[in-house]
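Residue numbers (this note's numbering): 24 to 202.
We put the beta carbon where it would ideally sit given N, CA and C, even for glycine.
Notes follow once the structure below has been shown.
Here it is in structure tokens:
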């Protein structure tokens, strides 16, 4: 299984090929992720990880199209991005994009605005996680109180009515490449 770690920084996944712009990263390939195409062949990777990188890149649709190109049909894409209500989404001045549960709908053929991109993905999983606090032994009080369960069970209701009252921290997405 061939794995790509996009924007790996200094925490590259063991056994993966890392790609990053930063020369001091653990990347195997130094490349500006805003420049296309990426230096990989079509259908080269079985799995791609994007952990805290998509929010930094200029053209979200073009990046996802490139990930689609270099991943095999049926390949899995793991994504972690700051959730739009997280203070971390706005803390870093290099963040360009903010994400909700609907941000990845554009890659579904049945979505009304699917014409923004030709890349298609199936949604395998989507859930939010909340900030973990040292005072709670590294646990999230939101998880202990059942708020995380509620938010993930009823994500659209959570976003419409409770996201700013109980702000989630990370949006976790797992996609499958459709070709």
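Q.
By the three-class DSSP mapping on this structure, what secondary structure does residue 78 have?
A. In this structure, residue 78 counts as helix in the three-state DSSP scheme.
Q) DSSP three-state call for residue 96: helix, strand or coil? A) The answer is strand: DSSP assigns residue 96 an E or B state.
**Q.** For residue 109 and residue 191, believed in contact at Cβ under 8 Å, the rounded distance
**A.** With 8 Å as the limit, residue 191 and residue 109 qualify as a contact, their Cβ atoms being about 7 Å apart.
Q) residue 134: buried (16+ other C-beta within 10 angstroms of its C-beta) or exposed? A) Using a 10 angstroms sphere on the CB of residue 134, the tally of other CB atoms stays under 16, which defines it as exposed.
**Q.** Bridge partners - residue 105, DSSP secondary structure assignment
**A.** Answer is 193, bridged to residue 105.
Q) Any heavy atom of the ligand NAP within a distance shorter than 7 Å of the CB on residue 76? A) In the structure on display, the ligand NAP does not appear, and there are no ligands present to speak of.
Q | Spatial neighbours of residue 142 in its chain, beta-carbon cut-off 7 Å, leaving aside the 5 residues before and after | A | The residues 87, 88, 91 and 130, in chain order, have a CB closer than 7 Å to that of residue 142 in the same chain once the five nearest residues on each side in sequence are set aside.
Q: Mind checking which residues open and close the alpha helix (DSSP H) that includes residue 176?
A: For residue 176, the enclosing alpha helix (DSSP H) begins and ends at 170 to 176.
Q. So who's on the other strand from residue 145, going by DSSP bridges?
A. Listed as beta-bridge partners of residue 145 by DSSP are 199.
(Q) Counting C-beta neighbours from all protein chains within 10 Å, is the total for residue 58 16 or more, i.e. buried, or is it exposed? (A) Exposed: under 16 other Cβ atoms inside 10 Å.
Q | Endpoints, alpha helix (DSSP H) assigned at residue 111 | A | Annotation: the continuous alpha helix (DSSP H) that includes residue 111 extends over 110 to 114.
Q: Using alpha carbons as the reference points, say which of 78, 96, 107 and 49 lies closest to residue 187.
A: Per the Cα distances, 107.
Q | According to DSSP, residues forming a beta bridge with residue 70 | A | In the DSSP output, where bridge partners are listed per residue, residue 70 has 26 and 99.
Q) Is the stretch 168 to 181 touching the stretch 35 to 47 in the sense that three or more CB pairs, one from each, lie closer than 8 Å? A) Taking a contact to require three or more Cβ pairs closer than 8 Å, the stretch 35 to 47 and the stretch 168 to 181 do not qualify as touching.
Q: Quick one: using the 10 Å Cβ neighbour count with 16 as the cut-off for buried, is residue 60 buried or exposed?
A: Looking at its Cβ environment, which holds fewer than 16 other Cβ atoms inside 10 Å, residue 60 is exposed.
**Q.** Burial state of residue 115 (16 or more Cβ within 10 Å)
**A.** Residue burial annotation: residue 115 is exposed, with fewer than 16 other C-beta atoms found within 10 angstroms of its C-beta.
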